[in-house]
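For the sequence shown, counting from 1, position 167 maps to 185 in my numbering; every step adds exactly one.
Everything on this sheet refers to the single structure shown next.
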Amino acid sequence: MEESHAMIGGDGRYSYAKNSNLQKVAADDVKPLIAGAIAENLDIQRVRPIPDIFGVADLGCSVGPNTYFAVKNIIEAVVQKYKSEGCHDSNLPEFQVFFNDHVSNDFNTLFANLPVERQYFAAGVPGSFYHRLFPKASLNFVYSAYALHWLSKAPPEIGDLDSASCNKGRLYYRNAPNEVGQAYSAQFAKDMESFLSARAEELAPGGLMMILMSGRKEGTLPIQSSLGPQYQPLESTLLDLVNEGIISKDKMDSFNMPIYAPSTVEIQTIVFENGCFDIVRLLARNHNFSRMPTAQECRAGFEVIFSKHFGSKNMDQLFDRFSKKIAGMPPLSGDDLIRYSLNIILKRKP
Ligand SMILES: C[S@@+](CC[C@H](N)C(=O)[O-])C[C@H]1O[C@@H](n2cnc3c(N)ncnc32)[C@H](O)[C@@H]1O
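Structure (structure tokens):
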């Protein structure tokens with residue numbers, strides 16, 4: 019069954035709204051990419067199935083504020099494109115923006131903080147982006163940032179205590195046996211195919227889709243994921259709690275983060291096999307970790323999934339200890355400093 023783990027809602031100390039600056043920096047960085055993709059690839063004569071309405075969706079938008087900046091950047095770039103083709107202000111389309119996330123996302127906070135001066139009509143669309151969410155050909159631009167690395171679920175066999183491929187004692191698949199990495203890769207391929215098939219129905223011909231997500235260096239195995247250093251101290255904190263009898267060993271052994279960082283070749287293969295999109299751009303950008311995510315940032319993203327599996331009563335203890343553990347660690351160095359993010363732009367084939 020598909021899992022759903024939204025970020026922490028509201029605007030409290032551990033909320034995603036207050037702890038998503040790393041994602042904001044990454045999304046700001048691609049503002050020129052959005053503008054360039056729209057200027058060069060949006061065919062405004064073809065892309066509007068319903069005259070005068072331009073549909074934008076942010077899939078996995080969370081609670082803001084990053085989604086507001088992204089949507090503003092997209093709309094500014096589309097307006098610019100229309101004007102560059104001679105369209106007057108009075109003839110611009112009206113923008114309908116759909117904010118999507120899991121049903122359990124805090125949509126109240128998202129809507130309460132929508133920019134007052136916005137140039138669009140806003141609607142929330144709850145549900146998993148691994149299924150259909152919109153009517154046929156009703157969208158013109160789909161955006162998704164730092165959400166598609168969340169799988170619909172961890173590969174079931176690696177959490178099965180009776181299976182030979184159970185990923186015991188690990189939170190994640192870095193440095194696991196190769197078959198564990200392969201199981202993650204296969205789950206990602208299945209999920210991504212479901213995602214593309216649903217979007218192929220919903221995106222109008224000529225419509226664009228921009229995906230930002232964590233990725234992996236080309237030519238490396240899944241188990242060499244560069245996301246590992248981020249998870250290692252969390253894994254070690256959980257193992258401390260197991261050794262002290264606070265968390266059971268079976269609980270630890272059966273848990274795996276449903277997160278995967280693919281390579282560009284994996285994405286390319288899935289997109290070709292799906293057959294409904296042209297690849298406009300696909301690149302892995304490497305950048306140095308400016309810093310490790312703080313305990314508060316990890317809590318904003320992971321508390322929901324951890325408390326479902328390990329129990330909410332253990333969360334203060336887990337994240338307090340994690341905070342002390344990372345404070346005592348030497349700074350990252352060498353390859354551990356490098357992260358990869360994928361910039362993917364696809365165009366719906368006619
Ligand atoms: C790290 S947050 C990114 C939020 C925002 N896009 C940003 O850049 O700040 C990932 C979001 O993806 C959502 N998400 C993960 N899997 C999803 C799915 N299958 N369907 C819809 N949303 C999903 C999570 O609930 C979460 O809000």
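For every residue, glycine included, the Cβ atom is placed at its ideal position computed from N, Cα and C.
**Q.** Any 3 or more C-beta pairs closer than 8 angstroms across the region 126 to 143 and the region 105 to 118
**A.** yes
(Q) As a quick exercise: from Tyr100, Ser341, Phe152, Gly73, pick the residue whose alpha carbon is nearest that of Pro311. (A) Ser341
Q.
Using only CA atoms, which one of Pro174, Ala279, Phe152, Pro50 lies nearest to Glu20?
A. Pro174
Q | Gln114 in three-state terms, based on DSSP | A | strand
Q.
I want to know whether the region 41 to 50 touches the region 79 to 89 - three or more CB-CB distances under 8 angstroms.
A. yes
Q.
Just to confirm, is the Cβ distance from Met386 to Leu364 under 8 angstroms?
A. Nothing can be reported for residue 386, as the shown portion of the chain is limited to 19 through 368.
Q) According to DSSP, what are the bridge partners of Leu360? A) Met231, Ala302
Q. What's the call for Glu236, buried or exposed, on a 16-neighbour Cβ count within 10 Å?
A. exposed
(Q) According to DSSP, simplified to helix, strand and coil, what is Ser325? (A) helix
Q.
For the pair the region 218 to 234 and the region 316 to 324, tell me if three or more CB-CB distances fall below 8 angstroms.
A. no
(Q) Would you say the beta carbon of Phe6 is closer than 7 angstroms to some non-hydrogen atom of ligand 1? (A) With the chain covering only 19 through 368, there is no way to say anything about residue 6.
Q: Give a yes or no on whether the C-beta atoms belonging to Arg234 and Pro280 are separated by under 8 angstroms.
A: yes
Q. Among Ala95, Leu189, His305, which residue has its Cα nearest to the Cα of Glu58?
A. Ala95
Q) Over what stretch of residues does the beta strand (DSSP E) that includes Asp29 continue unbroken? A) Element bounds for Asp29: n/a, residue is neither H nor E.
Q. Are the beta-carbon atoms of Thr127 and Ala35 separated by less than 8 angstroms?
A. yes
Q. Is the Cβ-Cβ distance between Leu169 and Ile277 less than 8 angstroms?
A. yes
Q. Is the CB-CB distance between Leu397 and Ile285 below 8 angstroms?
A. An answer regarding residue 397 cannot be provided, because it is not within the stretch 19 to 368 covered by the chain.
Q: Might you give, ordered along the chain, the residues of its own chain that have their beta carbon closer than 8 angstroms to the beta carbon of Lys99, omitting 5 neighbours on each side?
A: Ile56, Ala57, Leu60, Ile62
Q: Would you mind listing the beta strand (DSSP E) stretches within the region 118 to 178 that are 3+ residues and don't spill past its ends, in chain order?
A: 138 to 144, 157 to 163
Q: Give a single yes or no on whether Cys79 has its beta carbon closer than 7 angstroms to a heavy atom of ligand 1.
A: yes
Q | Ile9 vs Tyr191 beta-carbon contact at 8 angstroms | A | Coverage of the chain is limited to positions 19 through 368, which leaves residue 9 absent and any answer about it impossible.
Q. From what residue to what residue does the beta strand (DSSP E) around Asp209 run?
A. Careful: Asp209 lies outside any beta strand (DSSP E), inside the alpha helix (DSSP H) at 196 to 220.
Q.
Judging by CA-CA distance, which residue of Ala155, Ala302, Val260, Pro251 is the nearest neighbour of Ala222?
A. Ala155
(Q) What would DSSP say about Arg317, mapped onto helix, strand or coil? (A) helix
(Q) Taking DSSP's pairing of strands, which residues face Gly73 in a bridge? (A) Gln114
Q. Relative to the alpha-carbon of Asn193, which residue among Phe273, Asp258, Leu239, Ala163 has its alpha-carbon at the smallest distance?
A. Leu239
Q) Short check: CB of Val198 to CB of Ala75, under 8 angstroms? A) no
(Q) When you measure from the CB of Tyr164 to every non-hydrogen atom of ligand 1, does any distance come out below 7 angstroms? (A) yes
Q.
At the level of alpha carbons, what is the spacing between Lys208 and Leu214?
A. 10 angstroms
Q) In the DSSP assignment, what residue or residues form a beta bridge with Asp296? A) Lys365
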